[in-house]
Structures are given as structure tokens and as C-alpha cells.
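Q: Heads up: the protein sequence lines correspond to chains R and E, in order.
Each residue of the first sequence is one higher than the one before, counting from 22 in our numbering.
Each residue of the second sequence is one higher than the one before, counting from 25 in our numbering.
We put the beta carbon where it would ideally sit given N, CA and C, even for glycine.
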Amino acid sequence: MVKTKREGSVIFSEYKRGEAIKAALEKKREDILLELRESKVKGRGGAGFPTATKWMVVAASTAEIKYVICNADEGEPGTFKDRVLLVDYPELVFDGMVVAGYTIGASRGIVYLRGEYEYIRKPLEDYLESMRKDNLLGKNILGKEGFDFDISIRMGSGAYVCGEETALIESLEGNRGEARNKPPYPVNTGFFGRPTVVNNVETLAAVSHIVVKGGDWFRQHGTDKSTGSKLFSISGDCELPGVYELPWGTKLSELLTLVGAKNTKAIQVGGASGICLNKTQFDRTLAYEDAATGGSIMIFNGSRNMVHILKNFMEFFVEESCGQCTPCRIGNVKLLEGVKMIESGEYTFDYIEKLMELGRTMQVSSKCGLGQSSPNPFISILENFKDEIFNGNGGYNG
Amino acid sequence: MDSRKDYRAPLSQQPLTIEKPTDLTAIGGTITVEINEKKVVVPLGTTILDACKMAGISIPTLCHHEDLCIAGVCRICVVEVEGMRTLQASCAFPITAPIKIKTSTSMVRKARRHIIDLMLSEHYGECYSCVRNGNCELQTLAKEYGVDNYTFGHVEKPRYEVDRSSYSVIRDMSKCILCKRCVRTCIDLQEVGVLESIGRGDATHISTFLEKPLSDVICINCGQCINRCPTAALRANDPSDEIWRAIDDPKKHVVIQTAPSPRAAICEEFGMEAGTSLTQELNTALKRIGFDKVFDTNFTADLTIIEEGTELVIRLYKALVGKDASVSLPQFTSCSPGWVKYLEHYYPEYLDNLSSAKSPQQMFGSLIKTFYAEKNGVDPADIVSVALMPCSAKKFECNRPEMVDSGYKDVDYGLTTREMAKMIKEAGINLPEMPKSHFDNPFGEASGAGLIFGATGGVMEAAIRTIVEFITGAKAEDVFANANVLDVRGFEGIKYMEIPLGDTFGPVPGLISHLVPNWDWLKGATLKVAVAHGTANAKKVMDDIKAGGKFSECHFIEFMACPGGCLGGGGQPIPTTPEIREKRAKAIYAEDESLELRKSHENPNVIKLYEEFLTEGPCSHLSHKLLHTHYLKRGKYII
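1) So, is the C-beta of E/Asp265 closer than 8 Å to a C-beta in chain R?
2) Are R/Val79 and R/Gly122 close, meaning C-beta to C-beta below 8 Å?
3) Can you find a C-beta in chain E that's less than 8 Å from the C-beta of R/Ile400?
4) Closest by CA to E/Lys660, which one among E/Ala473, E/Thr496 and E/Asp240?
5) Could you tell me whether the region 340-350 of chain R touches the region 392-401 of chain R, using the rule of 3 or more Cβ pairs below 8 Å?
6) Counting C-beta neighbours from all protein chains within 10 Å, is the total for E/Asp265 16 or more, i.e. buried, or is it exposed?
7) Using the C-alpha atoms, what's the distance from R/Glu185 back to R/Tyr206?
8) Pair every Cβ in the region 539-547 of chain E with every Cβ in the region 192-205 of chain E, then say whether three or more of these pairs are closer than 8 Å.
9) Across which residues does DSSP place R/Val248 in a beta bridge pair?
10) Mind checking whether R/Lys272 and R/Lys286 have CB atoms under 8 Å apart?
11) Mark E/Ala405 as exposed unless 16 or more other C-beta atoms lie within 10 angstroms of its C-beta, in which case mark it buried.
12) Between the C-alpha atoms of R/Gly69 and R/Ile402, what's the straight-line distance to the nearest angstrom?
13) Could you check if E/Met108 is buried or exposed, using at least 16 other CB atoms within 10 Å of its CB as the buried criterion?
14) Bridge partners for E/Leu412 per DSSP, in chain order?
15) Quickly, what does DSSP pair R/Asp171 with across the bridge? List them, please.
16) What do you get for E/Thr653, buried or exposed, if any count of 16 or more other CB atoms within 10 angstroms of its CB means buried?
17) Using a C-beta to C-beta distance shorter than 7 Å, which residues of chain R count as neighbours of E/Ala116?
18) Is E/Val337 near E/Ile536, with beta carbons less than 8 Å apart?
19) Using a Cβ cut-off of 8 Å (strictly closer), state whether E/Phe233 contacts chain R.
20) Are the Cβ atoms of R/Ile53 and R/Val290 separated by less than 8 Å?
21) What separation, rounded to the nearest whole angstrom, lies between the Cα atoms of E/Gly177 and E/Ser145?
22) In terms of alpha-carbon separation, which member of E/Met458, E/Leu539 and E/Asn423 lies closest to E/Gly333?
23) For R/Ala180, collect the residues of the same chain with a Cβ closer than 6 Å to its Cβ; drop the 5 residues on either side in sequence, then sort them by chain order.
24) Give the secondary structure of R/Ser395 by DSSP, where H, G and I count as helix, E and B as strand, and everything else as coil.
25) State yes or no: is the beta carbon of R/Thr382 nearer than 8 Å to at least one beta carbon in chain E?
26) Which same chain residues, not among the five before or five after R/Trp238, have their C-beta less than 7 Å away from its C-beta?
27) Under a three-way DSSP split, which group does E/Thr480 fall into?
28) In three-state DSSP terms, what is R/Leu134?
29) Listing by chain order, which chain E residues have their CB less than 8 Å from the CB of R/Pro348?
30) Are any of the Cβ atoms in chain E nearer than 8 Å to that of R/Leu356?
31) Beta-carbon separation of E/Phe477 and E/Pro628 under 8 Å?
32) What are the start and end residues of the beta strand (DSSP E) that includes R/Pro268?
33) If you draw a straight line from the alpha carbon of E/Ser190 to that of E/Leu238, how long is it in whole angstroms?
34) Which residue comes first and which comes last in the beta strand (DSSP E) that contains R/Lys203?
35) Could you check where the beta strand (DSSP E) with E/Ile666 kicks off and where it finishes?
36) Mind pulling the alpha helix (DSSP H) runs of 4 or more residues that sit fully within the region 32-56 of chain R?
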């Protein structure tokens, strides 16, 4: 594969294979955890849980067997930055996994690779083999007595819900991909009941840099609450779609200029499960504390119909709900029905208001993140684009 | 929950294993939580649901069931926990920190109402044409939460075809609310695993392997799923219309045999406290409904003990004296048709261990259409034989093609406790107010040994009472206090007992004296027996036998498909909980203790039957023709 040179201050900054492993093995485990805490790095998958806290819980466990799982299920519509990392920067991801293994005391890492990424499995396997040859994987890694770690790749089967960490683990165990009850969290009771760290591809890549360059350096990028930078998968109505590394705190309007987007009407931040913003909100910043995203940014220009966009999202959730909990399984169907009513013009504001209420219930009562976030586009599109959608009907005040 | 550690259910459905502190006064042993601003002290790891129960606060539940592992899928039990963005399912949330809980905020009430509305929008059917009308958890919740319209619409057409293929269980998935209790019952409680959710999102539904009809998969008909279904998505195959037709037909001679467990449970259908025996009231009610004769299945339970006990003696004699290596030991009981089918599917290589004696229901069936018909001058072709059973598998059993030894279908209909209650109500009879009356002869009298067949360990206790007297010549009352064999009683999953036979023996009783000359060959022997209830426990015993463990050295093992034995059967009143089953058991054991006649071999009617009809004795040619059967190697692959 041709390696494209990308620009970025953190993830895409200079890195040599094995650097992080070498640096980590020279440190005490506690020091790595402290460094991570210093960096204030948060999970890059979207939920934004502090990585150091996650690792500390597992590191503190006295269990004999622990696991590191790399969540490469990248299923959120409009995100493709993990694929870029895996294809062009596998060293960052795999080194991050080895560092995690060393820090928390695990000897096995598993990459849960999105089913549709079957074609990159072989190159990744080859890459892992080359790491084994260089003793970056295997027994007594880089001469560190007693530190054994290896990575295997397992394929997903195309279910969106398996990006949710506990559903991912269920799937890995050979069960139906359904989210577990939490608590207990995977850090206590994870893969086959063992303490497990599940990290997004990009989080692990960030860790590799932090271990080499330090938490202080990492914190220099981004905002106070959102440290470092972020990979954004930018798609939709713009001249230069693709993967961009930008520091947290970047304004949406700056981003639009960067990618050459014109006549932009709406930005969907955070994929199908994210929120949709209108023109008046383009001065908002990309950050955990403002417009949070796992990386997906979809740009829609004036030619797009917001109801069609919403319908597309809701169809996706109706199909991708795992079907176990009531709010998500039936709630999404009802929301989609509502969108179709709006599309056909046969609706009452009263009923749409009821659906907005239902959406809010789904956000708090669904079992996992899927059902908790699937009403986001429904609520945000109907709220932020009510003038357009209800077309001067004037009565809707959702 | 019981203490099983090796659940087969996915981890997501298993309870969090936090060691419950034994010393609640120790630091960290308990946690003080605030529920609706009231302080409650609970043991560490208690779920919010249980904590609320302790505080006297009721939380609605649907997918939660006391017998089953956690699901946390219906979300009806959500509550607010301070500091958490989302509502938490109280059934699945173990308390490990001093949290503050609110159970009735606007957010909680709205969410619950929404969830009920959503379920109703996909729940097909109208309450008044539903078998669970008045005993439906969804209906109850709808009422509790004041549902007076279908906020999100209501499905007008069934989404799925009703599966009526099984003799025992009807599946109507259009009424399913996907609480997965049946799935958990089947795979985790019973370890059969016929049902699982398939499809995703809106298309999710509970189905069988390759979506085959229930009759074509390895369902054992135990009906435990029916007992735990909150709606009528699962129900028993009800023959009451056919029975009414027979009763209404003056040419038909309709007889009914009643098993011990329904009598101890039918009170629940009439709003009474569980554990009230209504045996004699039931006799009167059945007569008034129009049954020509009401018989006691306990009679053939006694007969089963003689036949099965004799079979055991023969097996032991052949193995120990004849050194016959082809004899299969331990001998398994065969009274539970769910267990029999389980063995046929899962361990077909052990069919020879299964006693060839029919179940009491089927023994009765063949006797009614032969012995009884002859004695009373009734044409067996006109007899309609009904069996009141606590069981859904009995419906399948009476339809097994080999069960026609009388020359007719031995038992025409298996009727469950629930269906019987419905018939009684339909006839305008208030059961608890009925005067008492006795069973009809010639099968009117039965022993307490037959009665306790209804509880797990009962068959074994009945057998022990008889076998010990047969062999040692001592009175069972002298060997066991009050003839109660306590070691095989109780709800422990697997029970094991050793009975040293000593070296003083009595003479061989006349009934079987032609089969064994004396008991000297049992000198110093120890009879080893075991009891397992629920097929999950049966599986453990079978796997142990396969591995040559302790149970492979047993001589006789009682297996019951249902948790608690027949009293927890799939035809019993809904709901079922460990507490209810315990009450039913108490009623059965109390009735046993109140009887004079407590040993099968002392039943004068049984003795008479061998004198008058089965003159060649137990396990003879005629007895084999009428009272014994054979089994089918089914395996797991059904074409």
C-alpha cells in the first residue's frame, strides 16, 4: 500500500516503530499511568472516558489473566479515520496495544476488526508477523524478562452495535452481539469475565505518542478539557473530503474553510448518532465539552433535504438496533414512522411533540449507547431545522 | 437465584458475582443507600430492585423473574440514580456504593409509560380474547400506569404465524414483548436451549433452530417457558373444548384421573394462598362438571412403585448374581415425560437405563380401557380418558404413538391445572366452597407415597419406603422417623443418599417371590440413590455418569424435568416462584403425613389388582404389555 504523508501535530507527528514500546519498557508501570493521567487523554471512540482511569482499574486488578482489546469496529456512518490509521500507521496502534499490555499486565491483545475491513486483515497480519520477528511481540519483548504479549485479529460480522464495547466482547465470545448490563464494566468483568481494556484505534495511537513524548507535550495541544488533537473523517458536500488531524477546539467554521465547503446548510457532528447543527451554530468548537464527536463530520449544503437525511439515519437505527431493549427496538421504529409522516405531510404537531418526548426517554432509558444516542439526529434536526421542515407552518415549537 | 456458577447464558445475562458478606456488621458488609430520601441499609451487591423491595417500594418489572438470570432488557424498572446521566435498570444494577435513588420522578414515570406504550404498539391481540386475560403482566402494568389509549398506535395484524405444531406448547410470537424470559428459562434454567432471539432491530424475534416448528426441534415440552411468559405468547395446547364435547355426549363415558400436584395448586387459580390442598373439593367439582368417574392418579403412582421397584430388583439381581454385564445401571425413573424426551434427545445412549415402566398417567390410561372397562361393562371405545396433570409434557406423552396398549388411545387428553380451573369457573363453580367427596372406586384409595410423587424426591421416597420394607423386612417407620425420608426431600438441585441394607433380611414378599429366591445376595450392600430436578441438574448428573463419577455408581436415580418436580410443572398456575413452589410442597407433604396409608405396597387396591387382573405379578407378560413401554433414540438432529 502506498503510504500517504499526512500532516498533524500529534497523531501524524514523527514516530518510529517500536519507539513507544522501548520507552514504556524503560519505565515503571505506575509512571506510565501517571504520564497518561498527566496527558488527560480521553477515549477517541466518542464516549470520551479518561483513558488513564480505565487502565488504572485494570492495572490494579490482581486477576491473572487480563486482556487488551482494540476496538476497530469503526461502524459509525461517516467515519473512516481508524482505517487510515490501521492501513498507514499500524505501528502506532499496535505499539499502543503492547504498551497497554505492559502497563496493565496483560499478555494478550485482540483487534476486533470491522467485518467490511476484511481486505486489510492480511496486511495487518503480515505486519504483526514482522513485529514478532523484531521481538516487538512474543516472549520477553525487547529483552524485557517476563513480558510476553501477542496480538491476534478477529473479524466483526457487520453489526453496528458491536462497536459498543460490551456488545463487542459478547461478539468476541461467540455470542449474539448485544450490550451487557453495566455495571459491571469490562474493566472488571470483560472478555470471558476477565478485566479488559477496550480502547479505540485512535486512542491507542495517541498513547504511543504520549509514552514517547510525554503528557505535557500532549496537553499543549487542544483545549483544557479536550487535550491533544483529533482525527476527523470529513465527508459530504465539500471539495476536500478525507481524514484531517486538527487540534480539539477547532471551530466548525474553520473546518468548513479548510475542506472547501460552500453553501453549507448543516453539519452532522458525530455520525448518524451525533447531532446536526445549523448555520447559527457553526461557531461552535469541536471538543468534548462542546460539539463532541468520535471523528465523523458530515457536511450538507443547501441542496439537501433535511427530512431525507433524517430518514436515512433513522432507517439505519431501525435496522441496526440489536433488538434487546424496548426503547431502542421499538422507539426507533416510531421515530422513523414520524419522519415518514413529516415527509408525507400527514402529521400533527402534537404527535411530533410526543415523539420528541419519546426520543428524550430513549436517550435516558435505553440499555446501551446505541439507543441512547439514536434519537440525537431526530431531536437535533427537528429542533435546528424546524423552519425548513415545518415550512412556515409556524405551529411547531419543539 | 441458586448457587449455580456455570451458567450457560451469555455473561450479559448472568448475575454479578459479588460475594455476599456473611457478617453484615463488618465494615463494608453493608451499604446505606437513600431511596426516595429514605435511608436503607442493604448488603453489598444487592440490586436496586431488591433494595427497593426491602424498603417497601414497589418497582414494576417485566423481564425480571426470580428463577432466572438477569436480562435488563425491558427497561420498565428504570430508576434515577443521582449523578448518573441515564436512568438505570434497577433489576440489573448492583449496589456497591452509597448511592441516592429516586423511583418516581417525572423522568422515571415518563420513561415507564413510554415503554408500556411502545410494547402495546407491537403487542398484537385484544385482552378479552386472550387466555391470559386477568393474569397478564403487561395488562396489569398498562392498568397500573393508566394507559387509556394507544399513544404510539397498535398493531392490527399478526406479525407472525401461530405455531401450533407442538402437542404441548403453542407459540404466538405476535404477543411476544421480547422479555426473553422463555429464552433464559430454556437455555439457563433448563439447559435445553430450544429458543433464542434471532434477527436484529425491528425484526428481532424469538425463534427455534432454523425457525422450525416447535414439534421439529428438541423441545422437551416441559412448559417452563409458559409459566414464565408474562403474556400469552406461550401457552399450553388446551383440549378443554374437546372435553366439553365428550361430557356433553351422553354416549361417552368420561373419566378423569387427577395427579397430586394440581390439587395442591389449583387453589391459586381461585385467589387463595398457595399451599392449600383442595383434593376433595376438586372431586366434587369434577363430578358436578359432568365427569362420570373421578380417579386418583396416586393409585397408579403406587403401581409404578411396585413395577419400577420390581424392575430395579430384577436389574440388581441380574447384575450382582447373574453377573450379566448387559444390565444397565443406575436405573432412571420414567414418570416425567419431559425428562424422558430430554434423555431421548440429549443422551439417547442411556435409554436402556430408563425404567420401562410407564408413567402413572399412562398406566392409568391402559388400565381404564382394559381392567376398568371389563369390570364395569363399559365399551372401551366409548370411554374418554382425561388426565388432570400439572404438566404440559403429559399432553405430548399421551399422544406418543406407542401409548395405545389398551387397543385404544390410552389417555385421550392431558389437561393442565390452569385449564381445569378455567373449566370449573366456566361451569359456574366456586371450587373452595365445594363440599368434600372421595375418589371413585375401584381406584379410589391411594397411599401417601403416591401423593408425594408431586414433589422432587417424592418418587424416590416412595420407592425407598417400599424397597426397604421388601428387602429388610423392617417397617419403614422403624428405619426412618415417621417414614419420612428427609434426605431426598427439599429443593436442592441434586440430592444423594446411601442406604446400608445391613445383613438381616426378611423373606421375599409373595408378589415377587418368583423372581428372586432370597435377599442373601444383598448382604452388606449399600443402596445408592440420587434425585435431580430441572433438566439443568439432570444434565449435571448425566455428565457425571458419562465421566464415570459418583452418580455412575448409583443404583436408582429420580429425574424430574421441572424445577421442584411436578408441583413446579409447566401446567401449574402462573406465576411460579421458589416461594410458591415451597408452599405447594408443604401442602403435599402435610397431606401425606395425614394419611393412614403411606406405602405403595400396602395399597389394598394395588394388591387386589395383582390378585384379580395382573395375576402373574409385576413385570410379568401382561404387566409388560399394559404397564411398560419403550423409548425412542431421538438424538439432536431431527429431519
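A: This is what the structure holds:
1) By one-based count along the second sequence, residue 265 of chain E stands at place 241. No, E/Asp265 lies away from the interface with chain R (no Cβ there is under 8 Å from its Cβ).
2) Here residue 79 of chain R is taken as the residue at index 58 of the first sequence, counted from 1. Here residue 122 of chain R is taken as the residue at index 101 of the first sequence, counted from 1. The answer is no: Cβ separation not under 8 Å.
3) Indexing the first sequence from 1 puts residue 400 of chain R at position 379. Taking Cβ atoms only, chain E never reaches closer than 8 Å to R/Ile400, which makes this a no.
4) Indexing the second sequence from 1 puts residue 660 of chain E at position 636. Measuring from the Cα of E/Lys660, the nearest candidate turns out to be E/Asp240.
5) yes
6) Indexing the second sequence from 1 puts residue 265 of chain E at position 241. E/Asp265 comes out exposed.
7) Along the first sequence, read from residue 1 onward, the residue named residue 206 of chain R stands at position 185. Along the first sequence, read from residue 1 onward, the residue named residue 185 of chain R stands at position 164. Near 12 Å, if we compare the C-alpha coordinates of R/Glu185 and R/Tyr206.
8) no
9) Counted from its first residue, the first sequence places residue 248 of chain R at position 227. The sequence as given places Thr at residue 248 of chain R; Val does not occur at that position. Bridge partners of R/Thr248: R/Gly243.
10) Locating residue 272 of chain R in the first sequence gives position 251, counting from the first residue. Locating residue 286 of chain R in the first sequence gives position 265, counting from the first residue. No, the Cβ-Cβ distance between R/Lys272 and R/Lys286 is not below 8 Å.
11) Here the question's residue 405 of chain E lines up with position 381 in the second sequence. Exposed, by the Cβ-count rule.
12) The count along the first sequence starts at 1 and reaches residue 69 of chain R at position 48. The count along the first sequence starts at 1 and reaches residue 402 of chain R at position 381. For R/Gly69 and R/Ile402, the distance between alpha carbons rounds to 23 Å.
13) For the purposes of this step, residue 108 of chain E is identified with residue 84 of the second sequence, where counting begins at 1. The residue in question, E/Met108, is exposed, as its Cβ has fewer than 16 Cβ neighbours within 10 Å.
14) On the second sequence, position 388 is the one that residue 412 of chain E refers to. E/Thr282 and E/Leu439, per the DSSP bridge assignment.
15) Numbered from its first residue, the first sequence carries residue 171 of chain R at position 150. R/Arg129.
16) Numbered from its first residue, the second sequence carries residue 653 of chain E at position 629. Result: buried.
17) If you number the second sequence from 1, residue 116 of chain E lands on position 92. Here the neighbours are Asn202.
18) In the second sequence, the residue the question calls residue 337 of chain E occupies position 313. In the second sequence, the residue the question calls residue 536 of chain E occupies position 512. For E/Val337 and E/Ile536, yes; Cβs fall inside 8 Å.
19) In the second sequence, residue 233 of chain E corresponds to position 209, counting from 1. No, E/Phe233 does not count as interfacial toward chain R.
20) Counting from one through the first sequence, the residue named residue 53 of chain R turns up at place 32. Counting from one through the first sequence, the residue named residue 290 of chain R turns up at place 269. Against a cut-off of 8 Å, the Cβ pair of R/Val290 and R/Ile53 comes out as no contact.
21) Counted from its first residue, the second sequence places residue 177 of chain E at position 153. Counted from its first residue, the second sequence places residue 145 of chain E at position 121. Between E/Gly177 and E/Ser145, the C-alpha separation is close to 5 Å.
22) Reading the second sequence from its first residue, position 309 is the one you call residue 333 of chain E. The candidate whose alpha carbon is nearest that of E/Gly333 is E/Leu539.
23) On the first sequence, position 159 is the one that residue 180 of chain R refers to. Gly198, listed in sequence order.
24) Counting from 1 along the first sequence, the entry for residue 395 of chain R is found at position 374. In the structure shown, R/Ser395 sits in coil (DSSP, three-state: anything other than H, G, I, E or B).
25) Numbered from 1 along the first sequence, position 361 holds the residue referred to as residue 382 of chain R. True, the Cβ-Cβ gap to chain E drops below 8 Å.
26) The residue you call residue 238 of chain R lines up with position 217 of the first sequence. Excluding sequence neighbours, R/Trp238 sits near nothing in its chain.
27) Residue mapping note: residue 480 of chain E aligns to position 456 of the second sequence, counting from 1. Note: E/Thr480 maps to coil in three-state DSSP.
28) Along the first sequence, one-based indexing puts residue 134 of chain R at 113. Strand at R/Leu134.
29) Within the first sequence, numbered from 1, the residue matching residue 348 of chain R stands at position 327. Within 8 Å Cβ-Cβ: Arg99, Ala135, His138, Ile139 and Leu142.
30) For the purposes of this step, residue 356 of chain R is taken as residue 335 along the first sequence, with counting starting at 1. So no, R/Leu356 is outside the interface.
31) By 1-based counting over the second sequence, the position of residue 477 of chain E is 453. By 1-based counting over the second sequence, the position of residue 628 of chain E is 604. Their beta carbons are not under 8 Å apart, which means E/Phe477 does not touch E/Pro628 by this criterion.
32) For the purposes of this step, residue 268 of chain R is identified with residue 247 of the first sequence, where counting begins at 1. Segment Gly263 to Pro268, the beta strand (DSSP E) holding R/Pro268.
33) By one-based count along the second sequence, residue 190 of chain E stands at place 166. By one-based count along the second sequence, residue 238 of chain E stands at place 214. Taking the straight line from one Cα to the other gives about 6 Å.
34) As a first step, residue 203 of chain R must be located in the first sequence, where it is residue number 182. First-last for R/Lys203: undefined, no H or E at that position.
35) The question about residue 666 of chain E has no answer, for chain E in this structure spans 25 to 663.
36) 40-46
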